[in-house]
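Chains as they are written, first to last, in the working numbering: chain A, 1 to 116; chain B, 117 to 232. Glycine residues also receive a C-beta, built at the ideal position from the N, C-alpha and C atoms. Bear in mind the structure is a predicted one, so any value in this text is a computation, not a measurement. Quick notes on the structure that follows.
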Amino acid sequence: GAVVSQHPSRVICKSGTSVKIECRSLDFQATTMFWYRQFPKQSLMLMATSNEGSKATYEQGVEKDKFLINHASLTLSTLTVTSAHPEDSSFYICSIKTGLAADTQYFGPGTRLTVL
Amino acid sequence: AQKITQTQPGMFVQEKEAVTLDCTYDTSDQSYGLFWYKQPSSGEMIFLIYQGSYDEQNATEGRYSLNFQKARKSANLVISASQLGDSAMYFCAMREGRNYGQNFVFGPGTRLSVLP
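Structure representation (structure tokens):
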């Protein structure tokens, strides 16, 4: 399957700072990437759909001004958590849409964000 | 209403035995896809198996098979000859509709523990 990387894998920051998370598709040109959030012992919740060259589509209840998404190329999407607060601490996972018949999503390894 | 239901929060299985993880889904679409992902403690989501709604045969991938019962709207994952490395969270997911832009919906997950 497609290979997806995320950077950083783990980040700790102070409350009020902004954190950027990168999602890269290493061997597939992804016109669409997805950003998920996973709280401890819970399932994945879709935050937004990132489309290359256009604005991201956010799910209901997700603040677009707080979670800035930039999908500048077919291999890179970034999620910036602005003015982070402790409640933003979570596991953030990106995935890419392959467009193959099954349209299987391939996921990155995730980024664990801890806001102090 | 929950689109994906996984009624087993935790399961135990003896090494080398088979185990079935339950998944039921709810959709009014005729075309949809069902997926199983494995999430080990590292956090990465690993794609295991896919079943399309029009596929007449149950999907199989190595030790993984999907028991697809369309009328009952169930898509149980069967793992044969369990290994210690199979210990992880397992998520059932569904993609609805013919539009491959549709996002996934994940179930709450089942934690599988393989006992030596």
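Figure out for me which residue from the options has the closest Cα to the Cα of residue i.
i, options, result
"A/Glu59", "A/Arg37, A/Leu74, A/Asn70 and A/Lys14", "A/Arg37"
"A/Asn51", "A/Arg10, A/Phe34 and A/Glu63", "A/Phe34"
"A/Val115", "A/Val11, A/Leu26 and A/Leu79", "A/Val11"
"A/Phe91", "A/Lys14, A/Pro8, A/Val3 and A/Phe39", "A/Phe39"
"A/Thr32", "A/Ser15, A/Tyr106 and A/Gly110", "A/Tyr106"
"A/Lys97", "A/Cys13, A/Asp27 and A/Glu87", "A/Asp27"
"B/Gly291", "A/Lys41, A/Gly61, A/Thr17 and A/Cys13", "Outside the shown range of chain B (117 to 232) lies residue 291 of chain B, about which nothing can therefore be said."
Classify residue i: buried if its beta carbon has 16 or more other beta carbons within 10 angstroms, exposed otherwise.
i, result
"B/Asp202", "buried"
"B/Phe184", "buried"
"A/Ala48", "buried"
"B/Phe220", "buried"
"B/Leu231", "exposed"
"A/Ala56", "buried"
"B/Phe151", "buried"
"A/Thr104", "buried"
"A/Ser77", "buried"
"B/Val135", "buried"
"A/Ala72", "exposed"
"A/Gln29", "exposed"
"B/Leu137", "buried"
"A/Val4", "buried"
"B/Gln199", "exposed"
"B/Gln155", "buried"
"B/Phe128", "exposed"
"B/Tyr170", "exposed"
"B/Thr226", "buried"
"A/Gly108", "buried"
Please report the distance separating the alpha-carbon of residue i from that of residue j.
i, j, result
"B/Leu182", "B/Gln118", "21 Å"
"A/Val19", "B/Gly168", "38 Å"
"B/Gly217", "B/Glu177", "Here B/Gly217 scores only 49 on pLDDT, less than 50, and its place in the model should not be relied on; the value that follows carries that caveat. Their backbone Cα atoms lie some 25 Å apart in a straight line."
"B/Ser229", "A/Gly53", "43 Å"
"A/Cys94", "A/Glu22", "9 Å"
"A/Thr82", "B/Ile165", "36 Å"
"B/Glu160", "B/Ser144", "31 Å"
"A/His85", "A/Gln6", "21 Å"
"B/Gln122", "B/Glu172", "23 Å"
"B/Ile120", "A/Lys66", "29 Å"
Look at residue i and residue j and say whether their C-beta atoms are less than 9 Å apart.
i, j, result
"B/Ser157", "B/Ala204", "yes"
"B/Pro224", "A/Ser43", "yes"
"B/Thr140", "B/Arg211", "no"
"B/Glu132", "B/Ala209", "For the record, residue 132 of chain B in the displayed sequence is Lys; it is not Glu. Not in contact: B/Lys132 and B/Ala209 (Cβ atoms no closer than 9 Å)."
"A/Thr75", "A/Ser25", "yes"
"B/Tyr180", "B/Val194", "yes"
"A/Arg112", "A/Ser15", "no"
Measuring only from the beta carbon, is residue i closer than 8 Å to any heavy atom that is part of the ligand SAH?
i, result
"B/Arg227", "The model on display carries no ligand, and the ligand SAH is accordingly not part of it."
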